[in-house]
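J.: Next up is a structure, given as structure tokens.
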């Protein structure tokens, strides 16, 4: 069951990324995140329950990780083509595997190492394809933002596995969104004070914010329940969720008419082959 929940979560996550990209046409990065997360927190408010100070401190830390990943990821999405962003984001399972080795002493078999090599090769090929669009991976600020997003997202995934060992999924999801909303509100306030009245961005209501909130609420709920399931493997769940890039890539190519689609499609196929080997190697 946890495998199918992970697949459904990935589908919703792919559509979520596309709607987020479209919403940036009307509002700034922080306003999009704050509006959508506040709505998500509202949807989940019936599930708010009292917890220990230790539980809430743990969820504040999770909120910091997620906020960092979301803000940097959306900034990267603003500066880069969606097809490039989706392929970079797909590399996150490799870092989950790497951190699992470092933190939990896990060991990779031959199939898993082959998958890691293919993913690294795909990222190199993507850097070559992106250079043709004037995007240099070593100096582009959008790529730097995506690197921060991927690493903090991987850390959050590992942390999820830890805290769900002693917390319930809806408790984690509901309170985490409350704390993320508070953190994002603080970010908006600091930026508004820094910019001043003349340069301050204005918020414009966009119905896509509601769609974003619904999509991420459903996707994360399926993710947390799949991770809580007995026998669930974080490495496989993380890889399946990253398969959302296929949807993001296809819709991004169709809706935004982005360049170098054939080159990036090859990069994505190599990356997906790497993820498949990681998935196969984790199941034998």
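Residue numbers (my numbering): 947 to 1230. Note that the Cβ used here is the ideal one computed from N, Cα and C, for glycine as well.
Rounded to whole angstroms, what is the Cα-Cα separation between residue 1009 and residue 1129?
T.: Between residue 1009 and residue 1129, the C-alpha separation is close to 8 Å.
J.: Please confirm whether residue 1161 and residue 958 have their CB atoms less than 8 Å apart.
T.: Cβ distance < 8 Å, so residue 1161 and residue 958 count as in contact.
J.: By the 10 Å Cβ neighbour count, where 16 or more other Cβ atoms means buried, how is residue 1227 classified, buried or exposed?
T.: Classification for residue 1227: buried.
J.: Using alpha carbons as the reference points, say which of 988, 1141 and 1031 lies closest to residue 1089.
T.: Closest option to residue 1089, Cα to Cα, is 1031.
J.: According to DSSP, is residue 1152 helix, strand or coil?
T.: DSSP places residue 1152 in coil when its eight states are reduced to three.
J.: Since residue 1042 contacts residue 1100 with CB under 8 Å, what's their CB separation in whole angstroms?
T.: Indeed, because the Cβ distance is near 5 Å, the residues count as touching under 8 Å.
J.: Where do the N-terminal and C-terminal ends of the alpha helix (DSSP H) with residue 993 fall, by residue?
T.: Careful: residue 993 lies outside any alpha helix (DSSP H) and carries neither H nor E.
J.: Assuming residue 955 and residue 1168 are in contact, meaning their beta carbons sit under 8 Å apart, how far apart are those beta carbons, in whole angstroms?
T.: Yes, they are in contact, since the Cβ atoms of residue 955 and residue 1168 sit about 4 Å apart, within 8 Å.
J.: When you compare each of 1159, 1087 and 1166 to residue 1116 by their alpha carbons, which one comes out closest?
T.: Out of 1159, 1087 and 1166, 1166 has the C-alpha closest to the C-alpha of residue 1116.
J.: With distances taken between CB atoms, is the gap from residue 1158 to residue 969 smaller than 8 Å?
T.: Yes.
J.: Verify whether the separation of the beta carbon atoms of residue 1021 and residue 1091 is less than 8 Å.
T.: Against a cut-off of 8 Å, the Cβ pair of residue 1091 and residue 1021 comes out as a contact.
J.: Checking 8 Å against the spacing of the C-beta atoms, do residue 1037 and residue 1065 come in under that value?
T.: Yes, these two residues count as a Cβ contact at 8 Å.
J.: Name the residue from 1152, 1097 and 1145 whose alpha carbon lies nearest to the alpha carbon of residue 1045.
T.: The option with the nearest alpha carbon to residue 1045 is 1097.
J.: Using CA coordinates, which residue listed in 997, 1071 and 998 is at the minimum distance from residue 1216?
T.: Nearest option by C-alpha distance: 1071.
J.: Find the nearest neighbour of residue 967 within the set 1171, 1214, 1194 and 1213, judged by alpha-carbon distance.
T.: The shortest Cα separation from residue 967 among 1171, 1214, 1194 and 1213 belongs to 1194.
J.: Taking the alpha-carbon positions, what's the residue 1140 to residue 1211 distance?
T.: The straight-line gap from Cα to Cα measures roughly 41 Å.
J.: Quick one: what's got a C-beta closer than 6 Å to residue 1103's C-beta in the same chain, skipping five residues either side?
T.: For residue 1103, where only same-chain residues beyond five positions count, the Cβ hits under 6 Å are 1042 and 1184.
J.: Decide if residue 1011 is buried, meaning its Cβ has at least 16 other Cβ atoms within 10 Å, or exposed.
T.: Burial call: buried.
J.: Under the rule that 16 or more other beta-carbon atoms within 10 Å means buried, what is residue 1190, buried or exposed?
T.: Its Cβ being crowded by 16 or more others within 10 Å, residue 1190 is buried.
J.: With residue 1178 as the anchor, note down where its alpha helix (DSSP H) starts and where it stops.
T.: Where residue 1178 is concerned, there is no enclosing alpha helix (DSSP H), given that its DSSP letter is neither H nor E.
J.: Report buried or exposed for residue 1223, applying the criterion of at least 16 other Cβ atoms within 10 angstroms of its Cβ.
T.: So residue 1223 counts as buried.
J.: Given a cut-off of 8 Å on the beta-carbon distance, is the pair residue 980 and residue 1163 in contact?
T.: Contact: no.
J.: What whole-angstrom Cβ distance do residue 953 and residue 1186 have, given they're in contact under 8 Å?
T.: That pair is a contact at about 6 Å.
J.: For residue 1115, which of helix, strand or coil comes out of DSSP?
T.: In this structure, residue 1115 counts as helix in the three-state DSSP scheme.
J.: Measure from the alpha carbon of residue 947 to the alpha carbon of each residue in 1114, 1220, 1200 and 1178, then state which is nearest.
T.: The shortest C-alpha separation from residue 947 is found at 1178.
J.: So residue 1214 and residue 1188 are supposed to be a Cβ contact under 8 Å. How far apart are they, rounded?
T.: Not really, about 11 Å apart at Cβ, beyond 8 Å.
J.: What is the DSSP secondary structure of residue 1147, reduced to helix, strand or coil?
T.: Looking at residue 1147 - three-state DSSP - the assignment turns out to be coil, as it is neither helix nor strand.
J.: So residue 1189 is in the alpha helix (DSSP H); what residue range does that whole segment cover?
T.: Premise fails: residue 1189 is in no alpha helix (DSSP H) and is neither H nor E.
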